[in-house]
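Just so you know, the protein sequences line up as chains A and B, in that order. For what it's worth, the working numbering labels the leading residue of the first sequence as 1, then goes sequentially. For what it's worth, the working numbering labels the leading residue of the second sequence as 343, then goes sequentially. First up is the structure itself, then whatever we jot down about it.
Protein chains: 2
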Amino acid sequence: MVKPTVHDIASEAGVSLATVDRVLNSRSGVRAKTVERVQAAVEKLGYVRDTYAANLARQKQYRFAFLLPDSASQFVGTLKAALLEASDTHLMERINVKVVPVPAQDPHGVVRALHGLNTTKLDGLAIMAPETPQVRDALARIKREGIAIVALLSDLPNAARDHFVGINSYAAGRTAAFLMGRFVHKNRGKVLTITNSMLARDSIDRRLGFDAVLLQEFPHLMTLPSVEFRDDADRMAMIIKEVCATHPDLVGIYSMGSGNQAMIEGFRALARLDDLVVIAHELTPFTRKALLGKEIDAVIAQNVGHLARSALRILRAKCDGVAIFEAQERIRIDVVTRENIP
Amino acid sequence: MVKPTVHDIASEAGVSLATVDRVLNSRSGVRAKTVERVQAAVEKLGYVRDTYAANLARQKQYRFAFLLPDSASQFVGTLKAALLEASDTHLMERINVKVVPVPAQDPHGVVRALHGLNTTKLDGLAIMAPETPQVRDALARIKREGIAIVALLSDLPNAARDHFVGINSYAAGRTAAFLMGRFVHKNRGKVLTITNSMLARDSIDRRLGFDAVLLQEFPHLMTLPSVEFRDDADRMAMIIKEVCATHPDLVGIYSMGSGNQAMIEGFRALARLDDLVVIAHELTPFTRKALLGKEIDAVIAQNVGHLARSALRILRAKCDGVAIFEAQERIRIDVVTRENIP
DNA sequence: AAAATTCTGATTGACGTACCTCAAAAAAAA
DNA sequence: TTTTTTTTGAGGTACGTCAATCAGAATTTT
């Protein structure tokens with residue numbers, strides 16, 4: 001019951017090692033009939049190529065680029081750290097990761113960065129950016145040059161990505177709404193949703209999921225129109241002041257994206273945090289502290305370490321043309337309260 | 343900037359390859375001074391051994407045994423499935439896993455199973471069992487024979503385990519209490535905690551954590567004495583009937599171990615589920631269905647796939663004498679609601 | 001200084017795969 | 001049939017490491 005090797009395939013198929021090698025690496029110069037014989041032997045013996053031995057022989061280095069927004073957001077920082085930590089580990093041998101920062105909130109910057117990639121020196125690309133037609137085109141070109149592509153965090157459903165690594169934003173929004181509904185004890189009231197920009201696909205999906213559950217399960221809670229923060233703390237403070245004034249019956253806040261710090265500071269200034277249920281996204285040093293300080297009640301998170309490792313594993317699998325172990329790559333929607341902070 | 347190999351170490355240290363090998367694999371026959379020279383070279387060049395090449399050369403097979411309770415519990419079943427799936431994957435190459443079932447709730451059975459292990463044909467052991475002096479002794483013996491040991495799910499803090507794989511039970515109990523407190527909307531009431539047996543270390547810890555938070559943060563909720571289920575559905579039904587009769591102000595149930603099915607069925611029979619907050623442990627086909635059916639409000643879970651892979655990785659690392667990538671092995675306390683079921 | 005002991009070097013052969021060459025065999029075309 | 005072309009076989013080297021041997025060098029002991 002020991003693992004079959006190329007030698008076993010060769011004798012099973014009644015051909016030489018060289019022929020097996022030619023078939024396995026789809027090199028030319030083998031008759032169709034012989035190819036079939038070899039493939040039958042592979043099938044029969046259940047041969048799987050030892051990728052590590054193969055990489056050893058091939059001296060392969062995986063060269064991956066990660067396009068991440070160059071924002072001050074703590075989340076991107078923790079993601080970057082997780083990425084470097086993962087690629088340092090022995091688990092990730094032969095993997096070279098280059099982080100390419102792109103200006104946040106600038107679709108042109110993303111396209112420029114994509115065009116700036118030297119595709120001859122690249123095997124895989126992970127990208128975290130909103131989908132625009134230009135991005136789509138640039139990715140299609142890169143894909144054509146044989147580079148594996150995964151979308152990180154925010155999916156690019158219409159682009160030529162091979163895989164999406166991140167949580168289902170709609171379900172994340174639904175989870176936030178469920179917690180909001182269960183955490184608010186008042187009989188009725190208004191809920192404010194805050195995001196950085198409603199252009200991002202994940203913000204839209206979160207909002208949709210949030211509204212769906214609130215409407216259906218907790219009709220006593222009413223959502224106000226989404227407020228866009230746009231990386232501007234002053235704007236946030238102003239909006240918060242305004243909302244608190246117009247809606248004294250505000251009972252909850254759902255912060256869908258970054259900007260948690262500005263949001264918390266805004267409400268703290270008005271001393272409104274004690275009677276508000278606050279649900280935010282992503283575990284960062286700031287949200288962690290706010291959870292412990294009881295300023296945030298729950299955080300919807302995704303494990304950045306898992307995210308980074310998953311992206312690397314998937315890119316590697318795509319490069320090798322190997323199947324992905326789906327169960328390991330499904331990123332869970334974490335509910336973090338102050339009692340189960342990792 | 344290419345990865346240094348043993349050859350580089352050899353020339354850097356001015357010794358031969360054989361000597362480098364002797365040092366790296368801590369074989370004897372090298373002068374202390376030479377060892378130092380080699381280690382300095384390793385340090386200087388930042389050499390890390392290519393474990394895959396090493397395993398290739400060594401033709402090592404890791405033989406691991408998993409001692410799991412032979413209970414009808416769905417949880418153990420899903421764990422077993424996750425284990426087999428993980429050891430099938432290419433990620434877990436050269437790993438042989440044998441599952442050894444032990445009679446549940448029978449400390450002697452565990453000891454017998456431990457003595458029945460052929461330690462000459464074993465490299466690592468994962469064990470899920472309560473800690474008794476006999477178990478402790480048996481593990482100490484196995485440890486002395488050079489076998490790596492990890493405790494699964496329920497820690498064996500005083501035994502000779504190398505590592506514990508599972509969640510912090512105290513924190514899990516605290517998390518359950520937090521959710522209970524936030525989910526119950528009544529002004530006051532009683533909370534019932536149910537477990538299989540208060541002998542198990544994790545049940546005790548969960549209860550402690552649960553009580554601590556409830557007492558401190560939600561003093562309007564009162565916990566009743568823990569009820570022990572003891573794998574007996576009839577007993578459970580009877581107890582439930584009794585509790586409901588004596589405590590009409592029951593508002594919540596915390597099910598700390600297995601037996602969720604008997605518990606739910608007991609309350610369902612009395613039509614009490616609608617106005618009770620139910621928090622249970624472990625995601626199984628049953629709890630998943632009960633979540634979706636709104637009979638359970640939240641499940642405190644740990645990802646069994648992660649658990650299995652983590653145990654395998656840790657055993658392998660211990661066999662290799664290699665450091666563990668802690669961040670990857672920390673099992674998170676998952677809060678599962680009906681909106682974020684994985 | 002000689003003998004005994006401890007270290008070290010040089011070398012070899014795995015492990016499973018990739019990739020290359022050269023010659024021989026088989027098939028196809030003339 | 002002969003020639004040309006296409007397939008195949010046999011063999012080698014390499015990747016980075018382990019494991020082993022044996023001879024010779026360095027060190028310590030007598």
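Where a beta carbon is used, it is the ideal one built from N, C-alpha and C, also for glycine. Keep in mind it's a predicted model, so treat the numbers as computed, not measured.
#### Entry: Amino acids of chain A, ordered along the chain, whose beta-carbon sits closer than 9 Å to that of residue 525/B
Under the 9 Å cutoff, chain A gives 182, 183.
### Residue closest to residue 634/B, alpha-carbon to alpha-carbon, out of 684/B, 646/B, 669/B
Closest by alpha carbon: 684/B.
### Message
Just checking: is the beta-carbon of residue 392/B within a distance shorter than 8 Å of some beta-carbon in chain A?
### Response
The beta carbon of residue 392/B falls within 8 Å of a beta carbon belonging to chain A, placing the residue at that interface.
### Query
Which chain A residues are close to residue 513/B, counting only those with a beta carbon under 8 Å from its beta carbon?
The contacting residues are 339, 340.
### Query
What is the rounded straight-line gap between the Cα of residue 255/A and the Cα of residue 109/A?
In this model, residue 255/A and residue 109/A are separated by some 26 Å (Cα to Cα).
### Query
Does residue 361/B come within less than 8 Å of chain A when only Cβ atoms are used?
Cβ-Cβ to chain A under 8 Å: no for residue 361/B.
#### Entry: Range of the contiguous alpha helix (DSSP H) that encloses residue 318/A
304 to 320 is the span of the alpha helix (DSSP H), which, as asked, contains residue 318/A.
### Task
Between the Cα of residue 127/A and those of 85/A, 78/A, 214/A, 69/A, spot the shortest distance and give me the residue it belongs to.
That would be 69/A, whose Cα lies nearest to the Cα of residue 127/A.
### Query
Under 7 Å Cβ-Cβ, which residues of chain B neighbour residue 57/A?
Correct list: empty, because the minimum Cβ distance to chain B is about 10 Å.
### Message
Taking 8 Å as the threshold (C-beta atoms), are residue 223/A and residue 345/A in contact?
### Response
Because chain A in this structure spans residues 1 to 342, residue 345/A falls outside the shown range and cannot be described.
### Query
In chain B, which residues lie with their C-beta within 7 Å of the C-beta of residue 327/A?
427, 647, listed in chain order.
### Query
Going by alpha carbons, who is nearest to residue 80/A out of 98/A, 63/A, 93/A, 94/A?
Measuring C-alpha to C-alpha distances from residue 80/A to each of 98/A, 63/A, 93/A, 94/A identifies 98/A as the nearest.
### Query
Between residue 338/A and the rest of its own chain, which residues show a CB-CB distance below 6 Å, the 5 nearest in sequence each way excluded?
Same-chain partners within the cutoff: 291, 292.
### Task
Have a look at residue 594/B and residue 219/A and give me their C-alpha separation to the nearest angstrom.
Approximately 24 Å between the Cα atoms of the pair.
### Task
Have a look at residue 427/B and residue 301/A and give me their C-alpha separation to the nearest angstrom.
Straight-line measurement puts the Cα of residue 301/A at about 27 Å from the Cα of residue 427/B.
### Task
Rounded to whole angstroms, what's the CA-CA distance from residue 645/B to residue 419/B? Just pull it up for me.
The straight-line gap separating the alpha-carbon atoms of residue 645/B and residue 419/B is approximately 13 Å.
### Query
Which term fits residue 67/A, buried or exposed, when burial requires 16 or more other beta carbons within 10 angstroms of its beta carbon?
By the 10 Å Cβ count, residue 67/A comes out buried.
#### Entry: Runs of alpha helix (DSSP H) lying entirely within the region 222 to 306 of chain A, each at least 4 residues, in chain order
Segments of the alpha helix (DSSP H) lying fully in the region 222 to 306 of chain A: 233 to 246, 260 to 269, 285 to 292.
### Query
Are the CB atoms of residue 417/B and residue 600/B nearer to each other than 8 Å?
Result yes, Cβ atoms of residue 417/B and residue 600/B sit closer than 8 Å.
### Task
With a 10 Å radius around its C-beta and 16 neighbouring C-beta atoms as the bar for buried, classify residue 271/A as buried or exposed.
Exposed.
### Message
Can you give me the C-alpha to C-alpha distance between residue 29/A and residue 399/B, rounded to a whole angstrom?
### Response
CA-to-CA, the gap between residue 29/A and residue 399/B works out to about 32 Å.
### Message
At a CB distance below 8 Å, what residues from the region 494 to 521 of chain B approach chain A? Give them in sequence order.
### Response
Result list: 513, 514, 516, 517, 519, 520, 521.
### Message
Does the CB of residue 677/B have a neighbour CB from chain A at under 8 Å?
### Response
Residue contact with chain A for residue 677/B: present (Cβ-Cβ distance below 8 Å to some residue of chain A).
### Query
Sorted by chain position, which residues of the same chain lie with C-beta nearer than 6 Å to residue 202/A's C-beta, five sequence neighbours on each side aside?
The residues are 154, 169.
### Query
Going by other Cβ atoms of all chains shown within 10 Å of its Cβ, with 16 needed for buried, is residue 616/B buried or exposed?
It counts as exposed.
### Query
Which residues does DSSP pair with residue 505/B in a beta bridge?
Per DSSP, 492/B.
### Query
Comparing the C-beta of residue 439/B with each C-beta of chain A, is any distance below 8 Å?
Against chain A, the CB of residue 439/B has no partner CB under 8 Å away; the residue lies outside that interface.
### Buried or exposed (CB count within 10 angstroms, at least 16 for buried), residue 175/A
So residue 175/A counts as buried.
### Query
Pick from 678/B, 654/B, 666/B: whose alpha carbon is nearest that of residue 436/B?
Closest in C-alpha terms to residue 436/B, from the list 678/B, 654/B, 666/B, comes 654/B.
### Task
Could you spell out the range, first to last residue, of the alpha helix (DSSP H) harbouring residue 190/A?
Per DSSP, residue 190/A lies in no alpha helix (DSSP H) segment; the continuous beta strand (DSSP E) that holds it begins and ends at 189 to 195.
### Query
Is DSSP giving residue 96/A helix, strand or coil here?
Three-state result, residue 96/A: strand.
### Task
Taking residue 515/B and residue 549/B to be in contact with their CB atoms under 8 Å, please state how far apart those CB atoms are, rounded to whole angstroms.
Indeed they touch by this definition, with Cβ atoms about 6 Å apart.
### Message
For the structure I just gave you, are there three or more beta carbon pairs, one from the region 313 to 331 of chain A and one from the region 351 to 363 of chain B, closer than 8 Å?
### Response
By the criterion of at least three beta-carbon pairs nearer than 8 Å, the region 313 to 331 of chain A is not in contact with the region 351 to 363 of chain B.
### Query
Which same chain residues, not among the five before or five after residue 38/A, have their C-beta less than 6 Å away from its C-beta?
The beta carbon of residue 38/A sits closer than 6 Å to those of 13, 20, 23, all from its chain and outside the five residues before and after it, given in chain order.
### Message
I'd like the list of long-range same chain contacts for residue 541/B, defined as Cβ closer than 8 Å, with 5 residues on each side in sequence excluded.
### Response
For residue 541/B, where only same-chain residues beyond five positions count, the Cβ hits under 8 Å are 472.
### Query
Excluding sequence positions up to five away, which residues of its chain have a Cβ less than 7 Å from the Cβ of residue 407/B?
Scanning its chain for C-beta atoms nearer than 7 Å, with the 5 sequence neighbours on each side dropped, one finds around residue 407/B the residues 440, 442, 459, 464, 467, in chain order.
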